[in-house]
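Engineer: The structure follows.
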Amino acid sequence: MKKRTTVTQAERLRQAIRHRQDQEKQELRQTILTTAAELFLEQGYDHFSLRKVAERIGYSPTTIYLYFRDKDDLLFTVVDEGFKRFGQQLAAAAVSTADPWERIIALGRAYVAFGLQNPEYYQLMFMQRADFLTHQPEGADQPRLATFLVLQHALQQAIDAGVLRPGDAENYSDVLWAQVHGMVSLAISLPAFYATRIQRTMETAWQMECEGLRRQ
Numbered sequence: 016m017k018k019r020t021t022v023t024q025a026e027r028l029r030q031a032i033r034h035r036q037d038q039e040k041q042e043l044r045q046t047i048l049t050t051a052a053e054l055f056l057e058q059g060y061d062h063f064s065l066r067k068v069a070e071r072i073g074y075s076p077t078t079i080y081l082y083f084r085d086k087d088d089l090l091f092t093v094v095d096e097g098f099k100r101f102g103q104q105l106a107a108a109a110v111s112t113a114d115p116w117e118r119i120i121a122l123g124r125a126y127v128a129f130g131l132q133n134p135e136y137y138q139l140m141f142m143q144r145a146d147f148l149t150h151q152p153e154g155a156d157q158p159r160l161a162t163f164l165v166l167q168h169a170l171q172q173a174i175d176a177g178v179l180r181p182g183d184a185e186n187y188s189d190v191l192w193a194q195v196h197g198m199v200s201l202a203i204s205l206p207a208f209y210a211t212r213i214q215r216t217m218e219t220a221w222q223m224e225c226e227g228l229r230r231q
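Below you can see the structure in the form of structure tokens.
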């Protein structure tokens, strides 16, 4: 009996060690992604390298290559991670209320929150001419594009429910995204001037734009 207890304790220790190692790997991977986004914005595609990422975080380049094949692989992953987070925030907003009108308002707030909470990701996803994206595998952008369907579906539901006037949900979506993107871009580009006012401005502008679509 004592021997089995000892083995069980040893196995638990090994499991705890493996769990900690996995956690450390995930933390390092996230550090690499965040640092890569920062460096890309600072230096652009031509001057970006895995070696510079390694230097910035205090690891050897070999360590970075354990996670990513090359700089394109790393930058693709940064963008994918950004869209994953973006999609999660939008999805959470979409199910936060059963009211079609409030759902649209919640999605606008979620978009702004993502941009302000993740400025490096946001700039790489939406504000930079990303040359590396021309090298991506065919179809790699489809999951990213699907993210924008969340608002489109919410708008279609509001149209079907008679909350919004009849129209093209895709067109409505494009107009609303363009508006909120402009506000977030201003807040990121001019933080001292605009960041403190973004929430109030977004609420006013989003409400005004949505009211224009609302069925009278």
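Adding 15 to a residue's 1-based position in the sequence shown gives its number in my numbering.
Built from N, CA and C at the ideal position, the CB exists for glycine as well.
(1) ARG215 to MET198, Cα distance in whole Å?
(2) Between which two residues does the alpha helix (DSSP H) containing GLN132 stretch?
(3) Let's see if you can read the secondary structure: which residues bound the alpha helix (DSSP H) around SER188?
(4) Using only CA atoms, which one of ILE79, ASP114 and LYS99 lies nearest to ALA176?
(5) If we count the other Cβ atoms within 10 Å of its Cβ and call it buried at 16 or more, is LEU65 buried or exposed?
(6) From ALA220 to ASP37, what does the alpha carbon distance come to, in whole angstroms?
(7) I need the straight-line Cα distance from ILE47 to THR211, nearest angstrom please.
(8) Where DSSP assigns a beta bridge to ARG229, which residues make up the other side?
(9) To the nearest angstrom, report how far apart ARG33 and LEU228 are at their CA atoms.
(10) Output the distance between the C-alpha atoms of ARG230 and VAL195, rounded to the nearest integer angstrom.
(11) Just the Cα atoms here: how many angstroms apart are ALA169 and PRO76?
(12) Please report the distance separating the alpha-carbon of VAL178 from that of ILE119.
(13) Measure the Cβ-Cβ separation of ARG35 and TYR82 and say whether it is below 7 Å.
(14) In angstroms with no decimal places, state the Cα-to-Cα distance between LYS86 and PHE63.
(15) State yes or no: is the C-beta of THR92 within less than 7 Å of the C-beta of ARG71?
(16) Residues in its own chain within less than 8 Å of LEU160 by CB, not counting five upstream and five downstream?
(17) My output table needs one value for ARG84: the three-state DSSP class, helix, strand or coil.
(18) Do you know offhand how far ILE203's Cα is from LEU28's?
Structural biologist: A quick look at the data gives this:
(1) Spanning the alpha carbons of ARG215 and MET198 requires a straight line of approximately 11 Å.
(2) Counting along the chain, the alpha helix (DSSP H) containing GLN132 begins and ends at 115 to 132.
(3) 184 to 204 is the extent of the alpha helix (DSSP H) around SER188.
(4) With respect to the C-alpha of ALA176, the residue from ILE79, ASP114 and LYS99 having the closest C-alpha is ASP114.
(5) By the 10 Å Cβ count, LEU65 comes out buried.
(6) Linking ALA220 to ASP37 through their CA atoms gives a straight-line distance of about 44 Å.
(7) Distance between ILE47 and THR211, taken at the CA atoms: about 29 Å.
(8) Under the DSSP definition of a beta bridge, ARG229 partners with LEU179.
(9) When rounded, the distance between both Cα atoms is 54 Å.
(10) C-alpha separation (whole angstroms): 21 Å.
(11) Their Cα atoms are separated by approximately 45 Å.
(12) For VAL178 and ILE119, the gap between their C-alpha atoms comes out near 11 Å.
(13) No; because the gap between Cβ atoms is not below 7 Å, this pair is not in contact.
(14) Taken atom to atom, the span from the alpha-carbon of LYS86 to that of PHE63 is near 8 Å.
(15) Between THR92 and ARG71, the gap from beta carbon to beta carbon reaches 7 Å or more.
(16) Here the set comprises nothing.
(17) Secondary structure at ARG84: coil, using DSSP grouped into helix, strand and coil.
(18) Between ILE203 and LEU28, the C-alpha separation is close to 46 Å.
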